[in-house]
Amino acid sequence: MKTFCDYCGSVIDDTIEKCPNCGAVNVHIQRSGNQVPKTIEELQAFAQEKGIPLEKMRFFIGIDYKEPRAFGIYKEPTTGNCVVYKNKADGSRAIRYQGTDEAYAVNEIYQKMKAELLERKQADLNKGKTTNSYTPKPVKQRRRKGPFGKMMIVFLIILAIWIFAFVVTAIQDSKTPNRGYYNYKGTPYYYAAGAWYTPDDYGDWERTYDAPDTLTENYKDYFEAKDYSDLDADYADDIEEYPTEEYSNDDYDNDDDSWNDSNWDDDDWDYDWDDYDSYDSDWDSDW
Numbered sequence: 133m134k135t136f137c138d139y140c141g142s143v144i145d146d147t148i149e150k151c152p153n154c155g156a157v158n159v160h161i162q163r164s165g166n167q168v169p170k171t172i173e174e175l176q177a178f179a180q181e182k183g184i185p186l187e188k189m190r191f192f193i194g195i196d197y198k199e200p201r202a203f204g205i206y207k208e209p210t211t212g213n214c215v216v217y218k219n220k221a222d223g224s225r226a227i228r229y230q231g232t233d234e235a236y237a238v239n240e241i242y243q244k245m246k247a248e249l250l251e252r253k254q255a256d257l258n259k260g261k262t263t264n265s266y267t268p269k270p271v272k273q274r275r276r277k278g279p280f281g282k283m284m285i286v287f288l289i290i291l292a293i294w295i296f297a298f299v300v301t302a303i304q305d306s307k308t309p310n311r312g313y314y315n316y317k318g319t320p321y322y323y324a325a326g327a328w329y330t331p332d333d334y335g336d337w338e339r340t341y342d343a344p345d346t347l348t349e350n351y352k353d354y355f356e357a358k359d360y361s362d363l364d365a366d367y368a369d370d371i372e373e374y375p376t377e378e379y380s381n382d383d384y385d386n387d388d389d390s391w392n393d394s395n396w397d398d399d400d401w402d403y404d405w406d407d408y409d410s411y412d413s414d415w416d417s418d419w
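Quick note on the numbering used here: the sequence shown kicks off at 133 and runs consecutively.
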């Protein structure tokens, strides 16, 4: 189908990324649900097309934003490197990626946008938001219970909730290491997002698939600290802070589902943006 370029008014195809007449980004481009923007300009156009309020989400695309509580991506004017960053609540900056692979960098920030939106949608479900089609069932009249009976019911409910929370926490703690730094027989390790990392010969952190069984099964015995600033001075001197500025593309497979975005549909970007609150984000973590 045809559309109009917003900048020069030329009639162009709605499937092309840029106007062939003036070179402006086609903000009306039609994409399939499994097509992820590959450039910063494409991501800007995508957000405009979907009506995504980037500033409300605290995402700054193509901007080196300096204030606290912000996710962003921009190109360094001197090197041409793409930088994906997060400004924490205290104003400090964590670099997610810095390098020349723009498609990889754009996908990093795009996936984070998805994750933030999904968290809001899940929170809405947990709050019990319902549609207008829901009709409550009539409440049956029941025999009143005495004060003692009511107190016993409340006590049993609280006890059941406490037991459930304790069991869930115990199961999670027994299987999943905490994010942070570990020291196994003099070798530093870092755990994050279900994966172990260790420094390579150049001191850069890289994912390892050969973490010792003793470490993975008894990780609490080797835990050093969650944050780099809390590490023992002698231990910290031997390693760089995780994450490093450079990320290896070997850690990310361009053919996997997260890159192709096959499980995400354009309609999934629909949201009542008036309810979006950026303060719900975890602004103290690295990402």
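We treat Cβ as the ideally placed atom computed from N, Cα and C, and that holds for glycine.
May I ask you to report which of helix, strand or coil DSSP gives residue i?
{"i": "Val168", "result": "coil"}
{"i": "Ala247", "result": "helix"}
{"i": "Trp337", "result": "strand"}
{"i": "Lys358", "result": "coil"}
{"i": "Arg228", "result": "strand"}
{"i": "Gly155", "result": "coil"}
{"i": "Asp366", "result": "helix"}
{"i": "Asp145", "result": "strand"}
{"i": "Lys253", "result": "helix"}
{"i": "Ile193", "result": "strand"}
{"i": "Trp415", "result": "coil"}
{"i": "Gly223", "result": "coil"}
{"i": "Asn310", "result": "coil"}
{"i": "Thr330", "result": "strand"}
Within 10 angstroms of its Cβ, does residue i collect 16 or more other Cβ (buried), or is it exposed?
{"i": "Trp294", "result": "exposed"}
{"i": "Ile184", "result": "buried"}
{"i": "Ala237", "result": "buried"}
{"i": "Lys244", "result": "buried"}
{"i": "Cys137", "result": "buried"}
{"i": "Ala343", "result": "buried"}
{"i": "Phe178", "result": "buried"}
{"i": "Ile285", "result": "exposed"}
{"i": "Tyr197", "result": "buried"}
{"i": "Cys151", "result": "buried"}
{"i": "Leu257", "result": "exposed"}
{"i": "Cys214", "result": "buried"}
{"i": "Asp383", "result": "The predicted model places Asp383 with a pLDDT of 41, which falls under 50 and marks its position as unreliable; any figure quoted below should be read in that light. The residue in question, Asp383, is exposed, as its Cβ has fewer than 16 Cβ neighbours within 10 Å."}
{"i": "Glu174", "result": "buried"}
Residue i and residue j look like a contact to me (Cβ under 8 Å); what is the Cβ gap, rounded to whole Å?
{"i": "Gly312", "j": "Ala357", "result": "6 Å"}
{"i": "Trp405", "j": "Lys182", "result": "So it is not a contact: roughly 11 Å between Cβ atoms."}
{"i": "Lys220", "j": "Asp416", "result": "6 Å"}
{"i": "Tyr351", "j": "Pro309", "result": "4 Å"}
{"i": "Leu347", "j": "Tyr367", "result": "With a Cβ gap of about 16 Å, Leu347 and Tyr367 do not count as contacting."}
{"i": "Ile193", "j": "Gln176", "result": "5 Å"}
{"i": "Trp337", "j": "Tyr322", "result": "6 Å"}
State yes or no: is the C-beta of residue i within less than 9 Å of the C-beta of residue j?
{"i": "Glu234", "j": "Lys170", "result": "yes"}
{"i": "Asp418", "j": "Arg228", "result": "yes"}
{"i": "Glu248", "j": "Ser413", "result": "yes"}
{"i": "Tyr360", "j": "Ala324", "result": "no"}
{"i": "Val168", "j": "Tyr242", "result": "yes"}
{"i": "Tyr411", "j": "Lys188", "result": "no"}
{"i": "Gly231", "j": "Glu199", "result": "no"}
>> Whether or not the segment 286-301 and the segment 325-332 are in contact is what I'm after, with contact meaning three or more pairs of Cβ atoms, one per stretch, closer than 8 Å; do they touch?
In response: no
>> Under 8 Å: do the segment 204-224 and the segment 136-155 share three or more Cβ pairs, one atom per stretch?
In response: no
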